[in-house]
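Have a look at the structure below before the remarks.
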Ligand code: F6P
């Protein structure tokens, strides 16, 4: 049970509040003019990440107050509690130990007095042997053919992490092994995925922490029927289906041999699970060695987060800037904008990561909060976003803090002269500059623009952004980046005093869907509200 003082009543919060009106009237142009070195002083490095946070509407004084707020909210204590396996997911009475999955140091991590590391290492070794066997062709399908297609069937955290990372690391993948991901219960998803696959060359991974998620189980049964029908033998399941889950009983009921099951544990949250066995598809795609390098990157950032003083702690700084934007400047959203095509699912991954973690409105003690919590997270890779939604970020009425992510070196250089990459990075830099500094009416007039068009051509600027620059998109760098965002979410949840590791908000819809399915076709629907009744009647009549 939380013993924290209500957030908005703390002196740290109130001191910050006192700075808001001053900052509302200050432009980033002035902040940079007053401190020409701001771009250097308001930046930091952690691992391979260079973070420039100078284009945010805050001052070093405000940052100090934010750091005091973090201390007052016991961020350091909670951080220690998480890493040491305490049950900080209080509403589910669970430890939160995704960091143990990337603990490569060999040191013990205890849950209920038991070291979880031996189990973690055993499962990873099982994954490695399996991945090597499939990648080398030693593992053969039921008819003796080599596996060419991997279909990961899962949803939410059992899908988004594997998709995001296999896409991010595609450059390093085994190119004759094709990765597919089925998540949606919409039959079109599985139909379109399986239609051109040869079942004799296909391996399905049923990835579900609970092994009861309706979408995943429905798709898994469809895939099972497809395979048995095409190969004409139920025994084929043994060579074409594996499971990743915490639920051995349900996996066995489904017909998968527990020998072909890769387990994980209740202290791994779905949206934090990609470094557990849920990452099997990733390991199949890039191989055990690069999977390990991914883990090394995670571990680098975990160690930084765990040990660096708050003022030098990159996830903490990212979190505090987010708190300032959300709770004091009134932003309700954040855009993640990777200038790296391989990271095209990174925003979607952290949409779940952030919104499912911090989309809460009561404190751990169950009290309604009187401040905003998690932002709406979204984004697309640059430069595509520029030609879609950046107009609103530049000239719309809303404040949309942006995170730009870029890499110094490209993975692909089609013309051998770096043309694509220089243009890509020039765009990243241009966007963060334009958002911060804008263009004044006088500057527009000086370009000879007709007076009636001047208001349309003005860029107000003063729109906050962070820029994260890394040397090159490697498995290690990706691990660091993901862990940095994970820990940012943790810090914000600690400050807001919410449980970032449960997800009760997704339950009601699941229960109602089960109820509705029973009556949708022809059952009695009188108990539903008039809107739902009318929709069901209309749906029936349109059938
Ligand atoms: O419905 C939300 C959720 O529980 C997510 O938190 C989770 O990632 C997803 O469903 C999938 O759950 P499972 O891995 O148990 O199928």
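Numbering (our numbering), first residue to last: 8 to 550.
Using N, Cα and C, we set each Cβ at its ideal position, and we do this for glycine too.
- Proximity of the beta carbon of residue 216 to the ligand F6P is indicated: a heavy atom of the ligand is located closer than 7 Å.
- Collapsing the DSSP output to three states places residue 424 in coil.
- Per DSSP, residue 217 has no beta bridge partner at all.
- Every unbroken stretch of the beta strand (DSSP E) spanning 3 or more residues and falling wholly within the segment 73-161 is given here in chain order: 156-160.
- For a cut-off of 8 Å, the C-beta gap from residue 414 to residue 522 is around 48 Å, too long to register as a contact.
- Bounds of the beta strand (DSSP E) holding residue 473 are 472-477.
- Within the chosen limit of 7 Å, the ligand F6P reaches the beta carbon of residue 278 through at least one heavy atom.
- Distance from the Cα of residue 405 is smallest, within the candidate group 464, 469, 380 and 395, for 469.
- For residue 363, the CB falls within less than 7 Å of some heavy atom of the ligand F6P.
- The Cβ atoms of residue 69 and residue 23 sit closer than 8 Å to each other.
- Residue environment analysis places residue 115 among the exposed positions, since fewer than 16 neighbouring C-beta atoms fall within 10 angstroms of its C-beta.
- When C-beta atoms of the segment 319-330 are compared with those of the segment 446-457, fewer than three pairs fall below 8 Å, so the two segments do not count as touching.
- In the DSSP annotation of this structure, the continuous segment of the beta strand (DSSP E) that includes residue 345 starts and ends at 340-345.
- Checking the 7 Å criterion, the Cβ of residue 220 is within range of a heavy atom belonging to the ligand F6P.
- Collapsing the DSSP output to three states places residue 308 in a helix.
- Annotation for residue 547: the continuous alpha helix (DSSP H) segment containing it runs 537-549.
- With a cut-off of 7 Å, the C-beta of residue 513 is classified as near the ligand F6P, since at least one heavy atom of the ligand falls inside that distance.
- DSSP, reduced to helix, strand and coil, places residue 15 within a helical segment of the structure shown.
- Looking only at 177, 36, 543 and 498, the smallest Cα-Cα distance to residue 291 is reached by 177.
- Excluding the 5 residues flanking it on each side, residue 496 has same chain C-beta neighbours closer than 7 Å at 360, 361, 364, 365 and 507, in chain order.
- Between the segment 115-129 and the segment 303-318 there are fewer than three inter-stretch CB-CB distances shorter than 8 Å, so the stretches are not counted as touching.
- Counting along the chain, residue 185 sits inside the beta strand (DSSP E) bounded by residues 185-189.
- The beta-carbon distance between residue 504 and residue 11, rounded to whole angstroms, is 5 Å. This is short enough to meet the 8 Å contact definition.
- As DSSP reads the structure, residue 59 sits in a beta bridge with 50 and 474.
- Here residue 501 is near residue 85, since their CB atoms are less than 8 Å apart.
- Contact annotation: the segment 268-275 touches the segment 244-260, with at least three C-beta pairs closer than 8 Å.
- Of the other Cβ atoms in all chains shown, fewer than 16 fall within 10 Å of the Cβ of residue 540; this residue is therefore exposed.
- Residue 527 has its alpha-carbon roughly 10 Å from the corresponding atom of residue 520.
- DSSP, reduced to helix, strand and coil, places residue 283 outside both helices and strands of the structure shown, so it counts as coil.
- Relative to the ligand F6P, the nearest heavy atom lies less than 7 Å away from the CB of residue 162.
- For the ligand F6P, no non-hydrogen atom lies closer than 7 Å to the CB of residue 283.
- Counting along the chain, no beta strand (DSSP E) covers residue 266, and no H or E run does either.
- Straight through space, the alpha carbons of residue 345 and residue 430 are spaced by roughly 14 Å.
- Of the residues assessed, residue 483 falls on the buried side of the cut-off, its CB having 16 or more other CB atoms within 10 angstroms.
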